[in-house]
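In our numbering, the protein residues as written are 1 to 253. Beta carbons are placed, not taken as given, at the ideal position from N, Cα and C, and that holds for glycine. What follows is a set of notes on a single structure, which appears directly below.
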Ligand code: 13P
C-alpha cells in the first residue's frame, strides 16, 4: 500500500517555544504510527533542529523544511540549501507551495530544479500543485495541474519520480475554510494519477502518494483521506492545534 501521510505545514506561525509545546503535546499524546502511516512536520527553518531532535524516538514521524533553494551553496543571502538540510538530518522538503509561487514568483522551471536537487540529496520533495479559483471556475483545473506536473516533474526518471510526494492544494481552499469536497479531491487525484500513468505507466503511478491540502480539519480529514486516490493531507491552520492534528493523524487510512 502507498504511504499515507499527514503533513503539518506551520507556515510562518508560532514562536520557538510555542512550536516546542505543540510538538510535545502531539508526541506525548500517546499517538503512535506504524506501517505505512506517517506524520511530517514542516516547521519554520530556525526550528528544524529542535523538531528533528524531538522525533528521535518516534518512528514514522519526520520533519520537513518549508522551502529550499535550487543551488547547493554560494552567495544567496537568506536562502537554505539541500546540503544544509542534510547536515541537520532533514529528509523532507515542501517544494512549490502556492504561497511560494504567488508571493515569491516561483515558476514551474525553478521548481523543477528544486525537485531535482532535493532528490540528488536524498531529500523527499513534497511537490505542491493546484489551481486558483478563476481556473476552477473556467473548468480548466485539469489541464492547469497537468502543465504544473509536466513542467516540474515529468523530466524525472521513473525511479526519481517514485521518491516524490505530490500534494494537490486548490488555492481557493487554502485558509478559506472552504474545502474541496471529497469528490472534487478524488477527481483531481485520479486525474494526477492518470497523468503519471500515461507518462510512466500504471504500476509507477500506483506507488505515488498524493496528498490533499486546503482546509483539512479534524472533522473532514477521515472522509477526504478515505477516497481511493487520496493518501493523506497537507494541513495548515489545523496543524497548529495539537488535538486537531492528532485527530487528523488518526484519520489516515
Ligand atoms: P489550510 O489547511 O490552512 O487551508 O492550509 C493548507 C495549506 O496550504 C497547507 O500547505
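Roughly how many whole angstroms lie between the Cα atoms of residue 229 and residue 48? Locating residue 229 in the chain shown gives position 229, counting from the first residue. Locating residue 48 in the chain shown gives position 48, counting from the first residue. As the crow flies, the alpha-carbon of residue 229 is around 30 Å from that of residue 48.
Residues that residue 213 bridges to, as DSSP identifies them: Walking along the chain shown from the start, residue 213 turns up at place 213. Its beta-bridge partners are 234.
Rounded to whole angstroms, what is the Cα-Cα separation between residue 189 and residue 168? Here residue 189 refers to the residue found at position 189 when the chain shown is read from its first residue. Here residue 168 refers to the residue found at position 168 when the chain shown is read from its first residue. When only Cα atoms are considered, residue 189 and residue 168 end up about 7 Å apart.
Length of the line joining the Cα atoms of residue 131 and residue 5: Along the chain shown, read from residue 1 onward, the residue named residue 131 stands at position 131. Along the chain shown, read from residue 1 onward, the residue named residue 5 stands at position 5. Roughly 22 Å separates the two Cα atoms.
Are the beta-carbon atoms of residue 70 and residue 110 separated by less than 8 Å? Within the chain shown, residue 70 is the residue found at index 70, counting from 1. Within the chain shown, residue 110 is the residue found at index 110, counting from 1. Cβ atoms of residue 70 and residue 110: closer than 8 Å.
What do you reckon, are the CB atoms on residue 85 and residue 126 nearer than 8 Å? To locate residue 85, count along the chain shown from 1; it is residue 85. To locate residue 126, count along the chain shown from 1; it is residue 126. Cβ atoms of residue 85 and residue 126: not closer than 8 Å.
Assuming residue 45 and residue 23 are in contact, meaning their beta carbons sit under 8 Å apart, how far apart are those beta carbons, in whole angstroms? For the purposes of this step, residue 45 is taken as residue 45 along the chain shown, with counting starting at 1. For the purposes of this step, residue 23 is taken as residue 23 along the chain shown, with counting starting at 1. Residue 45 to residue 23, Cβ: 16 Å. No contact.
Report yes if the CB atom of residue 112 is closer than 8 Å to the CB atom of residue 151, and no otherwise. On the chain shown, position 112 is the one that residue 112 refers to. On the chain shown, position 151 is the one that residue 151 refers to. Going by C-beta atoms, residue 112 is nearer than 8 Å to residue 151.
Is any non-hydrogen atom of ligand 1 found closer than 7 Å to the C-beta of residue 97, if you look at the structure I gave you? Locating residue 97 in the chain shown gives position 97, counting from the first residue. Indeed, a heavy atom of ligand 1 lies less than 7 Å from the Cβ.
Beta strand (DSSP E) runs contained entirely in the segment 2-56, provided each spans 3 or more residues: Those beta strand (DSSP E) runs which fall completely within the segment 2-56 and span 3+ residues are 4-9, 37-42.
Have a look at residue 105 and residue 96 and give me their C-alpha separation to the nearest angstrom. If you number the chain shown from 1, residue 105 lands on position 105. If you number the chain shown from 1, residue 96 lands on position 96. In a straight line, the C-alpha of residue 105 is about 10 Å away from that of residue 96.
Residue burial classification, residue 133 (beta-carbon count within 10 angstroms, cutoff 16): Start at 1 with the first residue of the chain shown, and residue 133 comes out as number 133. The residue is exposed, with fewer than 16 neighbouring Cβ atoms inside 10 Å.
Just the C-alpha distance for residue 250 and residue 182, rounded to the nearest angstrom, thanks. Mapped onto the chain shown, residue 250 falls at position 250. Mapped onto the chain shown, residue 182 falls at position 182. Straight-line Cα distance between these residues: approximately 17 Å.
Limits of the unbroken alpha helix (DSSP H) element including residue 189: Working through the chain shown from its first residue, we reach residue 189 at position 189. Looking at the DSSP string, the run of the alpha helix (DSSP H) that includes residue 189 is 182-200.
What separation, rounded to the nearest whole angstrom, lies between the Cα atoms of residue 149 and residue 166? For the purposes of this step, residue 149 is identified with residue 149 of the chain shown, where counting begins at 1. For the purposes of this step, residue 166 is identified with residue 166 of the chain shown, where counting begins at 1. Approximately 9 Å, taken between the alpha carbons.
Could you give the residue range of the alpha helix (DSSP H) that holds residue 242? Indexing the chain shown from 1 puts residue 242 at position 242. Where residue 242 is concerned, the enclosing alpha helix (DSSP H) starts and stops at 242-250.
Kindly indicate which three-state DSSP category residue 165 falls into: helix, strand or coil? Residue 165 sits at position 165 when you count from the first residue of the chain shown. Note: residue 165 maps to strand in three-state DSSP.
How should residue 231 be labelled, buried or exposed, when 16 other C-beta atoms within 10 angstroms of its C-beta is the threshold for buried? Taking the first residue of the chain shown as 1, we reach residue 231 at position 231. With 16 or more other Cβ atoms within 10 Å, it is buried.
Beta strand (DSSP E) containing residue 154: first to last residue? For the purposes of this step, residue 154 is identified with residue 154 of the chain shown, where counting begins at 1. No beta strand (DSSP E) holds residue 154; DSSP gives it neither H nor E.
In the DSSP assignment, find the alpha helix (DSSP H) that holds residue 117 and state where it starts and stops. Stepping through the chain shown from its first residue, residue 117 is reached at position 117. 108-120 is the span of the alpha helix (DSSP H), which, as asked, contains residue 117.
Any non-hydrogen atom of ligand 1 within 7 Å of residue 223 CB: Within the chain shown, numbered from 1, the residue matching residue 223 stands at position 223. Taking 7 Å as the cut-off, the C-beta of residue 223 does not count as close to any heavy atom of ligand 1.
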